[in-house]
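The opening residue of the sequence shown carries number 80 in my numbering; numbering runs sequentially from there. Backbone N, C-alpha and C define an ideal beta-carbon position, used for all residues, glycine too. In this text, all values refer to a predicted model and were calculated from it rather than measured experimentally.
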Amino acid sequence: MSVRTLTANEARLLLRDPGNAFFALAFPAVLLVLVGLLLPGMREPIQVPGLTHLRTIDVYVPVVLCTAVATVAVSTFPTVFGTYRERGVLRRLAATPLPASRLLVAELAVSLGALVVAVGLALGLAGVVLGIAAPAQPAVAVLAFALTVAHMGALGCVLAAVVRSAANANAFGMMLYFPLLFVAGVWLPGPLMPATLREVASFLPLGAGAQALQEAWFGSGLPARQLVVMVVWTAVLGPLAARLFRWT
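Spelled out as structure tokens, the structure:
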């Protein structure tokens with residue numbers, strides 16, 4: 080079976096699950112628009128020196144992009160492998176000539192496609208409904224987002240390598256999901272974080288990605304430390320996932 084056929088099959092399976100499809104594709108856009116429209120003060124200027132040219136909702140855009148990545152990386156992606164392992168699909172594949180790499184590539188392709196759709200929807204709706212501006216440094220934004228996807232994808236692969244069932248994947252995924260969102264700034268966006276918390280978050284998965292995207296969106300410098308941190312996390316977690324992977 081070719082990678083293209085496997086990818087098409089995995090995409091159909093994702094779309095047949097309304098819950099996973101919603102959270103993977105639409106949740107970031109819905110979250111951003113609802114937060115911008117319904118929460119008081121979100122479209123008012125930030126009353127912090129140096130940030131008064133921004134609205135509160137503006138600083139949430141990088142955070143929501145990170146939320147999209149985290150949702151796919153530690154929820155959708157590992158759950159698929161947990162389900163396959165629980166049902167014996169991976170064990171049966173291990174007994175066939177089909178290389179494990181093909182299934183992994185197919186699932187990664189579906190996850191990346193879901194991310195592209197989710198980010199496109201979020202930015203498109205935010206631009207139309209909330210007047211969100213494009214990043215000040217587009218090239219840095221693309222690099223920061225790519226590295227965010229890479230290191231969070233590697234973390235998702237570690238989970239996918241070891242979870243034994245869908246329930247197991249959901250449990251471990253949620254244990255990581257909310258702390259990751261916290262350091263990314265869902266409850267307190269990066270520019271508004273206390274300095275110590277922001278410093279710690281810059282070394283953590285997703286926290287580094289959120290800060291790099293914030294600098295790309297609103298700053299003028301290169302977030303070198305955060306970019307290096309994401310490269311290191313990718314280099315550590317990728318090989319770890321390969322070492323831990325099991326069929327059963």
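Alpha helix (DSSP H) containing residue i: first to last residue?
i    : result
Q293 : 286-297
H230 : 217-241
F257 : 245-263
F160 : 156-165
T175 : Segment: none, T175 is in no alpha helix (DSSP H) and carries neither H nor E.
L93  : 82-95
F106 : 106-117
Q305 : 303-323
A152 : Counting along the chain, A152 falls outside any alpha helix (DSSP H), and DSSP gives it neither H nor E.
R277 : 274-280
Buried or exposed: where does residue i fall if 16 or more other Cβ atoms within 10 Å of its Cβ makes it buried?
i    : result
Q216 : buried
Q305 : buried
E186 : buried
F101 : exposed
R166 : exposed
V207 : exposed
R171 : exposed
A295 : buried
R134 : buried
G300 : exposed
P124 : exposed
L93  : buried
F257 : exposed
T227 : buried
M309 : buried
L118 : exposed
L316 : buried
Would you check if the distance between the CB atom of residue i and the CB atom of residue j is smaller than 7 Å?
i    : j    : result
P70  : A289 : Because the chain here runs from 80 to 327, residue 70 falls outside it and cannot be looked at.
A245 : P157 : no
A197 : L104 : yes
R164 : R243 : yes
A225 : T313 : no
V241 : L319 : no
T155 : N88  : no
A303 : A223 : no
Identify, in the order they occur along the chain, each residue of the same chain with its Cβ nearer than 6 Å to the Cβ of residue i, setting aside the five sequence neighbours on each side.
i    : result
G115 : M121, I136, L209
M272 : none
C145 : A263, L285, G288, A289
Q293 : P141, G269
L169 : Y163, W326
L259 : A149, L285
V82  : R181, V184, A185
A201 : P107, A108, L111, V143
L255 : V153
W266 : none
I211 : V140, A205
A173 : W326
Going along the chain, which residues of its own chain have a beta-carbon closer than 7 Å to the beta-carbon of residue i, five neighbours each way excluded?
i    : result
A152 : M231, G232, L234, G235
A147 : P107, L194, A197, V198, A201
N249 : T158
V189 : T86, E89, A90, L93
F251 : L238, V242
G161 : V242, R243, S244, A245, N247, A248
A218 : none
Y139 : L111, V114, P268
T84  : none
Return the chain-ordered list of same chain residues with a C-beta closer than 8 Å to the C-beta of residue i, the five sequence neighbours on each side being excluded.
i    : result
L204 : A108, L111, V112
L323 : V237, A240, V241
G298 : A215, Q216
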